[in-house]
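> I have a structure I would like to understand better, so I am pasting it below and will then ask my questions one at a time.
What follows is the structure, encoded as structure tokens:
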């Protein structure tokens, strides 16, 4: 699923991590590029992840998660994943089409 499919669905894709901005830049560079903005939840550590209930307090890191928020700011879908390989962008797109 390409980012253009999400754009066609009038959807903004954002990544959020608890890493510092320099770490995020290095990560994106190691992949060549990332087709969407990555936001930092670095300080205060994990506050956004905690607000969306996807922060693992035991590990001190956010869980891998997809959160779909509608135009009114209401969470319409949220799911955590054990590994990135568990995530299928087609499933996410199906959830977006339900909005």
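Residue numbers (the working numbering): 4 to 102.
Note that CB positions come from ideal geometry on N, CA and C, so glycine has one too.
Among residues of its own chain, excluding the 5 on either side of residue 50, which ones have a beta-carbon nearer than 8 Å to its beta-carbon?
Counting only Cβ-Cβ distances below 8 Å, and skipping sequence neighbours, we find 44.
> Leaving aside the five residues before and after residue 86 along the sequence, list all residues of the same chain whose C-beta is less than 8 Å from its C-beta, in chain order.
Cβ neighbours of residue 86 beyond the five flanking positions: 67.
> For residue 104 versus residue 41, is the C-beta distance shorter than 8 Å?
Outside the shown range of the chain (4 to 102) lies residue 104, about which nothing can therefore be said.
> Could you give the DSSP three-state label for residue 68: helix, strand or coil?
DSSP places residue 68 in strand when its eight states are reduced to three.
> If you compare alpha carbons, which of 71, 46, 30 is closest to residue 16?
Comparing Cα-Cα distances from residue 16 to each of 71, 46, 30, the minimum goes to 71.
> Counting only the same chain and skipping the five closest in sequence on each side, list residues whose C-beta sits under 8 Å from that of residue 90.
Hits under 8 Å: 67, 69, 84.
> Assign residue 78 to one of three DSSP states: helix, strand, or coil.
Three-state DSSP puts residue 78 in a strand.
> In terms of residues, what are the limits of the alpha helix (DSSP H) holding residue 99?
From DSSP, the alpha helix (DSSP H) with residue 99 extends over 92 to 100.
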